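Residue numbers for the sequence shown follow this note's numbering, beginning at 269 and rising by one.
Remarks on the structure that follows.
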Amino acid sequence: MTATRREVLIGTAALGLAAALPAAGPGLVGGALAAPFDGSAWRRYADRFLQPDGRIVDSGNKGVSHSEGQGYGMLLAVAAGDRAAFDCLWGWTQRMLMVRGDGLAAWRWMPDGGVTDRNNASDGDMLIAWALLRAAETWGDGAYRSAAIAIVRALAAAVLVEQAGLTVLLPGRDGFRKGDALVLNPSYWIFPAIRAFAALPDGGRWGRLAESGLVLLSKARFGGFQLPPDWLALDADGAVAVADGFKKQYGYDAVRVPLYLAWDGYRDPYYFRPYAMLAARYGGAAIPATVSLPGGTTTQVAASVGMLAVYRLASALAGAGNAVTVPPLAPDEDYYSSTLAHLSALAAQSLGIEP
């Protein structure tokens, strides 16, 4: 993306307009090269977090499982070429989470209670559908594609809505309308998945969702580092604010924003500079896990290895070089950090950047 295109985007944000998506080149799958995944890394990941029945365990969150984790596991299984694991993951997801009756997954499953929250998490549904599309292409199985299309259509019906001239994504079907305002999560814009959905029949609204995501990211820049919040409020006039009712911070959710932009092929430093600035300010390895918004107070908790991997990628794309030191994953590294590290490697490989 060029500076000219960026200037056009910023200038038209108030009108609810955005420029086109970056052009997909040969060999692109959902907007990013289908990068190889180290088989030994996948085996270590699966040994730690994948149960024999196909459930991904969130080791940092009391052993729960959720639609996000299933989607991430399915994506990594496809990248590793492990069809048996993929089918196991997809089978558990169908049996245990696809219980709502509307084609979407319940978002949370507890070992001692089964599904404990039937609301969907839109990013989890998107990850599952995108993994199915990648599986269909990798293994030439139309059943995966049909299942993906059904989820994408259910998502469009339930959580794609119009607000202030923008097509936006509710984080779940229920609970994110606050009067005239919508509560959004910028990290739910999984840009390479959205691109893949936009290429499906009747995918025009997904293309508009990607455009709106870029508009929101140009407007949702808070504090000294100009970071997006984990949770964002969008009012009927198009104004954005850090959402009430949630922690007013940039952190564990929004760190995925630069990851998903990179994975979809964006290279314009404009999108990556805030994260590179944060990394540079705190000396690479000592980056805080969260930053309050708009105040800028930082937590004493350090960013995880997986978060550092995202910052290294963002710093490279911002033109700051690979200044962020990323230590190896520890034997007891938790699910989320491990997942971010592997996804960052895939995104980097897709761009031809050393992970």
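By construction, the Cβ of each residue, glycine as well, lies at the ideal position given by its N, Cα and C atoms.
Fair warning: this is a prediction, and the values are worked out from it, not measured in the lab.
Item: Pair every Cβ in the stretch 456-466 with every Cβ in the stretch 505-517, then say whether three or more of these pairs are closer than 8 Å.; Value: no
Item: Does the separation of the CB atoms of V427 and S390 fall below 8 Å?; Value: yes
Item: For the alpha helix (DSSP H) containing D393, list its first residue and its last residue.; Value: S390 to W407
Item: What three-state label does DSSP hand P542 in the structure shown?; Value: helix
Item: Compare the Cα-Cα distances from L400 to each of N387, D385, M394 and A416 and report the closest residue.; Value: A416
Item: Comparing C-alpha positions only, which one of A314, K330 and R549 sits nearest to V346?; Value: A314
Item: Identify whether G520 lies in helix, strand or coil by the three-state DSSP scheme.; Value: Strictly speaking, residue 520 in this sequence is Tyr, with Gly absent from that position. DSSP places Y520 in coil when its eight states are reduced to three.
Item: Report the option in T565, A548 and V569 whose CA atom is closest to the CA atom of R580.; Value: A548
Item: Tell me whether A416 sits in a helix, a strand or coil according to DSSP, three-state version.; Value: helix
Item: Applying the 10 Å Cβ sphere with the 16-neighbour rule, what's the burial state of P379?; Value: exposed
Item: Looking at G392 and W625, is the spacing between their C-beta atoms short of 8 Å?; Value: Because residue 625 is not part of the residues shown, which for the chain are 269 to 623, the question remains open.
Item: Would you say the stretch 555-574 touches the stretch 489-502, given that touching needs at least three Cβ pairs under 8 Å?; Value: yes
Item: Using only the alpha-carbon positions, how far apart do G382 and V525 sit?; Value: 30 Å
Item: Could you give the DSSP three-state label for G487: helix, strand or coil?; Value: Sequence inspection shows Lys at residue 487; the Gly mentioned does not correspond to that position. Of the three classes helix, strand and coil, the one that applies to K487 here is helix, per DSSP.
Item: Using the three-state DSSP reduction, which class does A303 fall into: helix, strand or coil?; Value: Bear in mind that a pLDDT of 41 at A303, under 50, signals an unreliable position, so the number given afterwards is only what the model happens to contain. Coil at A303, not helix or strand.
Item: Could you say which of Y340, G339 and A352 lies nearest to P320 if we only look at CA atoms?; Value: A352
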